[in-house]
Amino acid sequence: MRILVTGGAGFIGSHLCDALLADGHDVIAVDNFITGRRANIAHLLSHPHFQLIEHDVIEPLDLQADQIYHLASPASPDGYMRHPIETHLVNSVGTLNMLRLAQRYGARLLYTSTSEAYGDPLVHPQPETYWGNVNPVGPRSCYDESKRFGESITMEFIRRFDLDARIVRIFNTYGPRNDPGDGRVVPNFIMRALRGEPLPIFGDGSQTRSLCYVSDLVRGLIAAMNRDAARGEVINLGNPDERTILDLARIIIDLCNSPSQVEHRDPRPDDPERRCPDITKARTLLGWEPVVPLEEGLRDTIAYFTRYEDRAPRALVDH
Ligand code: NAD
Ligand code: UDP
Numbered sequence: 006m007r008i009l010v011t012g013g014a015g016f017i018g019s020h021l022c023d024a025l026l027a028d029g030h031d032v033i034a035v036d037n038f039i040t041g042r043r044a045n046i047a048h049l050l051s052h053p054h055f056q057l058i059e060h061d062v063i064e065p066l067d068l069q070a071d072q073i074y075h076l077a078s079p080a081s082p083d084g085y086m087r088h089p090i091e092t093h094l095v096n097s098v099g100t101l102n103m104l105r106l107a108q109r110y111g112a113r114l115l116y117t118s119t120s121e122a123y124g125d126p127l128v129h130p131q132p133e134t135y136w137g138n139v140n141p142v143g144p145r146s147c148y149d150e151s152k153r154f155g156e157s158i159t160m161e162f163i164r165r166f167d168l169d170a171r172i173v174r175i176f177n178t179y180g181p182r183n184d185p186g187d188g189r190v191v192p193n194f195i196m197r198a199l200r201g202e203p204l205p206i207f208g209d210g211s212q213t214r215s216l217c218y219v220s221d222l223v224r225g226l227i228a229a230m231n232r233d234a235a236r237g238e239v240i241n242l243g244n245p246d247e248r249t250i251l252d253l254a255r256i257i258i259d260l261c262n263s264p265s266q267v268e269h270r271d272p273r274p275d276d277p278e279r280r281c282p283d284i285t286k287a288r289t290l291l292g293w294e295p296v297v298p299l300e301e302g303l304r305d306t307i308a309y310f311t312r313y314e315d316r317a318p319r320a321l322v323d324h
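Going by this note's numbering, the first residue of the sequence shown is number 6, and it counts up by one from there.
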């Protein structure tokens, strides 16, 4: 199959490209590198079945494909708060462009939404039926609200035009190729622990996240794309192993054998207090569940960042 991956030079997108190529597909990655990194796909550029198109999906694109994975969007809080308008546009206009492209060529589409669609959730864990608790004008709203818009317009194409599309809500995902400078909790903690620097904890650290290793997530994306039963559905993908941020800091310090301490900072505005996916639907509809335990995934990620830290000049990775 000929498969388009928007955001293909990003953290998750590059792993997805690897997996699709390994399955024998022709893969076209479309990326404007607003938050992606060339290093993520450098190893693919000479692959005979891989093509990179540098393009902003806010602008129309005419390209035949059998499947479209629409991942393009800044994803880290630092990334989307630095590029709020671009984030609004890629999840609205960019998603509309991808839906039209899928319609034109009869392609199947998967839209990657986020657990942020639930905001600071009042229902725990979060099932897909929960409508969320989102501040529509807060600093995170460029991301939360544009992803919610992206979901809404995708559902309109499904209802109005019978488009073969599905939506996944991805919960916090980590692994090799996480951008060490984008401020997300796992790369930031690991980089600081490797350097023996304090790990900043926003607030008292009692807030929770449920972290999914990237290989599990990519397997879930591919299952959601290819299972007919996922057509027209919204499906959570994440690992329900919920931890406090303080526990996560301690585990990373321990796994890195680091002398680092934690350092409490002011809480972030609108920072969700708890987050954990209910993955009953993914289990039943896709036969999917994560299999990589947190400590094992963190070990692989630490090994990646250890190599990165060895290669990169400090100034380039400072956050
Ligand atoms: P990332 O920032 O590493 O990758 C996103 C990619 O999209 C980047 O390569 C970026 O350059 C590209 N991009 C952004 N705007 C674009 C545009 N207008 N045109 C073309 N390319 C554009 O982030 P990621 O973690 O790999 O996230 C991928 C997707 O998964 C995003 O849609 C994100 O919202 C979603 N998601 C990720 C997580 C997570 O924990 N990583 C959680 C929930 C949802
Ligand atoms: N966090 C933290 N220190 C950091 C980075 C993040 O305490 O250096 C906390 C952040 O306040 C949030 C959680 O870790 O509660 C996850 O943050 P991240 O930016 O990775 O993603 P989010 O889930 O908020 O989108």
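Don't be surprised by glycine CBs; every beta carbon is placed ideally from N, CA and C.
- Looking at ALA107, PRO79, PRO130 and THR311, the one whose alpha-carbon comes closest to that of VAL95 is PRO79.
- Among the bridge pairs identified by DSSP, ALA34 is matched with VAL10 and LEU57.
- Between GLN72 and MET196, the CB-CB gap reaches or exceeds 7 Å.
- A straight line joining the alpha-carbon of THR117 with that of PRO185 spans about 22 Å.
- Remark: C-beta atoms of GLU268 and PRO192 do not approach each other more closely than 7 Å.
- For ALA107, the enclosing alpha helix (DSSP H) covers residues 100-110.
- Cβ neighbours of ARG113 within its own chain (closer than 6 Å, five residues either side excluded): GLN72 and ASP169.
- Bounds of the alpha helix (DSSP H) holding GLU150 are 146-166.
- Pairing PRO144 with GLY84, the inter-Cα distance amounts to about 12 Å.
- For TYR116, the enclosing beta strand (DSSP E) begins and ends at 113-119.
- By the Cβ-count criterion, ASN37 is buried, with 16 or more other Cβ atoms from all chains shown falling within 10 Å of its own Cβ.
- Here TYR74 is bridged, per DSSP, to VAL10 and LEU115.
- ALA254 is classed as buried because its beta carbon has at least 16 other beta carbons within 10 Å across all chains shown.
- Take the alpha-carbon of ARG171 and the one of ASN262: they are about 42 Å apart.
- In the structure shown, CYS261 falls within a coil segment according to DSSP collapsed to helix, strand and coil.
- In this chain, the alpha helix (DSSP H) harbouring LEU226 covers 219-231.
- DSSP lists ARG174 as the bridge partner or partners of ASN241.
- Taking all protein chains shown into account, LEU199 has 16 or more neighbouring C-beta atoms within 10 Å of its C-beta and is therefore buried.
- Closest option to TYR110, judged by alpha-carbon separation, among ALA122, TYR148 and LEU68: LEU68.
- When Cβ pairs closer than 8 Å are counted between the two stretches, the stretch 275-286 is seen to touch the stretch 132-150, the count reaching three or more.
- Here ASP31 really is in contact with ILE8; their C-beta atoms are around 7 Å apart, less than 8 Å.
- Not one heavy atom of the ligand NAD lies closer than 6 Å to the C-beta of SER220.
- When the alpha-carbon of GLY225 is set against those of PHE176, GLU202, ASP209 and ILE257, the nearest one is in PHE176.
- Distance between ALA27 and LEU21, taken at the CA atoms: about 10 Å.
- Approximately 17 Å separates the beta-carbon atoms of GLY188 and ASP149; this is outside 8 Å, ruling out the contact.
- Under the three-state reduction of DSSP, HIS88 is assigned to coil, being neither helix nor strand.
- DSSP places SER215 outside any alpha helix (DSSP H); the residue lies instead in the beta strand (DSSP E), whose first and last residues are 213-215.
- Judged by DSSP in its simplified three-state form, ARG270 adopts strand.
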